[in-house]
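**Student:** Residue numbers (this note's numbering): 2 to 261. For each residue, glycine too, the CB sits at the ideal point set by N, CA and C.
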């Protein structure tokens with residue numbers, strides 16, 4: 002649109018920065034008409050003007066290369082997985098720690114980032130063994146260093162889809178809507194009956210949660226809780242179920258369910 006108006010002479014006398022700003026307005030408008038997520042709109046609005054301003058700073062080329070490397074170490078395969086870096090706040094961790102029954106637990110945080118959930122949960126529940134798996138090198142390295150003095154916290158770098166989830170009572174995920182169907186399939190295939198998948202903010206598509214834990218924080222976080230109930234051939238159920246499975250007689254659920 003900007004190029005078209007420029008060729009028509011409508012934008013004669015506009016500065017380059019003004020043209021870039023106009024392009025941002027058209028980009029944001031197009032994104033809104035295409036029903037993109039709201040958080041994309043300001044990115045479209047400021048992207049080209051910011052690039053134009055940055056190009057005029059005269060920064061050395063190696064600085065851009067360094068910035069690219071640092072961002073790649075942080076976000077790694079986010080372009081493929083569409084899972085950004087989300088950090089769990091303390092109130093969310095405390096809400097889940099209080100809701101889970103007392104006694105030893107093995108908890109896995111998939112996509113653990115800098116280990117904010119793992120460290121906080123390990124402090125609140127010293128009876129639990131908490132493991133985090135993160136693919137991006139920089140967050141994984143920082144998480145390992147920050148949790149170095151917590152005996153019941155373990156951080157590892159790798160692909161959480163390639164890991165075995167069968168040993169865990171609880172698998173916690175704060176990812177994005179994109180991988181949740183695949184996460185649910187893996188949980189059903191590997192986790193034992195009575196184990197629980199907890200998803201921060203993003204529900205499993207097409208699957209009704211057994212319970213929803215509301216978190217009293219600024220973003221009104223919801224924790225979607227799914228009890229694994231399908232018994233696989235040759236599987237040995239846990240001696241102590243975390244919560245009642247779907248196939249058992251309905252019992253009062255320790256997690257309050259939301260009205261539907």
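#1: Out of curiosity, what's the CA-to-CA distance linking residue 217 and residue 202?
#2: With respect to the beta strand (DSSP E) encompassing residue 20, which residues constitute its N-terminal and C-terminal limits?
#3: State the Cα-Cα distance for the pair residue 178 and residue 204, rounded to the nearest angstrom.
#4: Let me check you understand the geometry: is the CB of residue 140 closer than 6 Å to at least one non-hydrogen atom of the ligand ADP?
#5: Under 7 Å between the Cβ atoms of residue 122 and residue 157?
#6: Using DSSP with H/G/I as helix, E/B as strand and the rest coil, what is residue 148?
#7: Should residue 64 be labelled buried (16 or more other beta-carbon atoms within 10 Å of its own) or exposed?
#8: Assign residue 240 to buried or exposed, taking buried as 16 or more other Cβ atoms, counted over all protein chains shown, within 10 Å of its Cβ.
#9: State the start and end residues of the unbroken beta strand (DSSP E) segment that holds residue 215.
#10: Exposed or buried, what is residue 221 when buried is set at 16 or more other beta-carbons lying within 10 Å of its beta-carbon?
#11: Report back the beta-carbon spacing between residue 206 and residue 230 to the nearest angstrom; my notes put them in contact at under 8 Å.
#12: Count the other CB atoms within 10 Å of the CB of residue 167; is the residue buried (16 or more) or exposed (fewer)?
#13: Please identify the residue among 181, 159, 100 whose C-alpha is closest to the C-alpha of residue 215.
#14: Would you be able to state if there are at least three C-beta pairs under 8 Å between the region 138–157 and the region 178–193?
#15: Three or more C-beta pairs closer than 8 Å, one from the region 65–78 and one from the region 43–54: is that the case here?
#16: Evaluate residue 128 with the Cβ neighbour count: other Cβ atoms within 10 Å of its Cβ, from every protein chain shown; 16 or more gives buried, anything less gives exposed.
#17: What span of residues does the alpha helix (DSSP H) with residue 124 cover, start to end?
#18: Any idea what DSSP makes of residue 209, helix, strand or coil?
#19: Could you tell me whether the region 106–122 touches the region 136–144, using the rule of 3 or more Cβ pairs below 8 Å?
#20: When you compare only the Cα positions, how much space is there between residue 106 and residue 85?
#21: Start and end of the beta strand (DSSP E) containing residue 110?
#22: How far does the alpha helix (DSSP H) with residue 51 in it extend, from its first residue to its last?
#23: Starting from residue 91, follow the alpha helix (DSSP H) in both directions and report where the run begins and ends.
#24: Quick check: what's the CA-CA separation for residue 118 versus residue 60?
#25: What separation, rounded to the nearest whole angstrom, lies between the Cα atoms of residue 11 and residue 31?
#26: At 3 residues or longer, what runs of the beta strand (DSSP E) sit wholly inside the region 152–188?
**Tutor:** Quick look at the numbers:
#1: Position 216 of the chain shown, counted from the first residue, corresponds to residue 217. Position 201 of the chain shown, counted from the first residue, corresponds to residue 202. Straight-line Cα distance between these residues: approximately 13 Å.
#2: Indexing the chain shown from 1 puts residue 20 at position 19. Element bounds for residue 20: not the beta strand (DSSP E) but the alpha helix (DSSP H), 17–34.
#3: On the chain shown, residue 178 is found 177 positions in, with the first residue counted as 1. On the chain shown, residue 204 is found 203 positions in, with the first residue counted as 1. For residue 178 and residue 204, the distance between alpha carbons rounds to 7 Å.
#4: Absent from the structure shown: the ligand ADP. Ligands present: none.
#5: Residue 122 sits at position 121 when you count from the first residue of the chain shown. Residue 157 sits at position 156 when you count from the first residue of the chain shown. No, they are not a contact pair.
#6: For the purposes of this step, residue 148 is taken as residue 147 along the chain shown, with counting starting at 1. Reduced to three states, the DSSP call for residue 148 is coil.
#7: Start at 1 with the first residue of the chain shown, and residue 64 comes out as number 63. Flag for residue 64 reads exposed.
#8: Here residue 240 refers to the residue found at position 239 of the chain shown. For residue 240, the predicted structure reports a pLDDT of 47, less than 50, and the residue's modelled location is therefore unreliable. A value from the coordinates is still provided. By the Cβ-count criterion, residue 240 is exposed, with fewer than 16 other Cβ atoms from all chains shown falling within 10 Å of its own Cβ.
#9: By 1-based counting over the chain shown, the position of residue 215 is 214. 212–215 is the span of the beta strand (DSSP E), which, as asked, contains residue 215.
#10: Here residue 221 corresponds to residue number 220 of the chain shown, with the count starting at 1. Exposed, because fewer than 16 other Cβ atoms sit within 10 Å of the Cβ of residue 221.
#11: Within the chain shown, residue 206 is the residue found at index 205, counting from 1. Within the chain shown, residue 230 is the residue found at index 229, counting from 1. Not quite, the Cβ-Cβ distance comes to about 18 Å (not below 8 Å), so this is no contact.
#12: Here residue 167 refers to the residue found at position 166 of the chain shown. By the neighbour-count rule (16 or more Cβ atoms within 10 Å), residue 167 is not buried but exposed.
#13: Counting from one through the chain shown, the residue named residue 215 turns up at place 214. With distances taken between Cα atoms, residue 215 lies closest to 100.
#14: no
#15: no
#16: Working through the chain shown from its first residue, we reach residue 128 at position 127. With fewer than 16 other Cβ atoms within 10 Å, it is exposed.
#17: Stepping through the chain shown from its first residue, residue 124 is reached at position 123. Here the alpha helix (DSSP H) through residue 124 covers 117–125.
#18: Position 208 of the chain shown holds residue 209. Looking at residue 209 - three-state DSSP - the assignment turns out to be coil, as it is neither helix nor strand.
#19: yes
#20: The residue labelled residue 106 in the question sits at position 105 within the chain shown. The residue labelled residue 85 in the question sits at position 84 within the chain shown. Cα to Cα, residue 106 sits roughly 28 Å from residue 85.
#21: Here residue 110 is taken as the residue at index 109 of the chain shown, counted from 1. From DSSP, the beta strand (DSSP E) with residue 110 extends over 106–111.
#22: Counting from one through the chain shown, the residue named residue 51 turns up at place 50. Segment 41–56, the alpha helix (DSSP H) holding residue 51.
#23: What you label residue 91 is simply residue 90 of the chain shown in a count that begins at 1. Looking at the DSSP string, the run of the alpha helix (DSSP H) that includes residue 91 is 91–100.
#24: By 1-based counting over the chain shown, the position of residue 118 is 117. By 1-based counting over the chain shown, the position of residue 60 is 59. If you take the alpha carbons of residue 118 and residue 60, they lie about 38 Å apart.
#25: As a working mapping, residue 11 is identified with position 10 in the chain shown. As a working mapping, residue 31 is identified with position 30 in the chain shown. The straight-line gap from Cα to Cα measures roughly 20 Å.
#26: 154–158, 171–174
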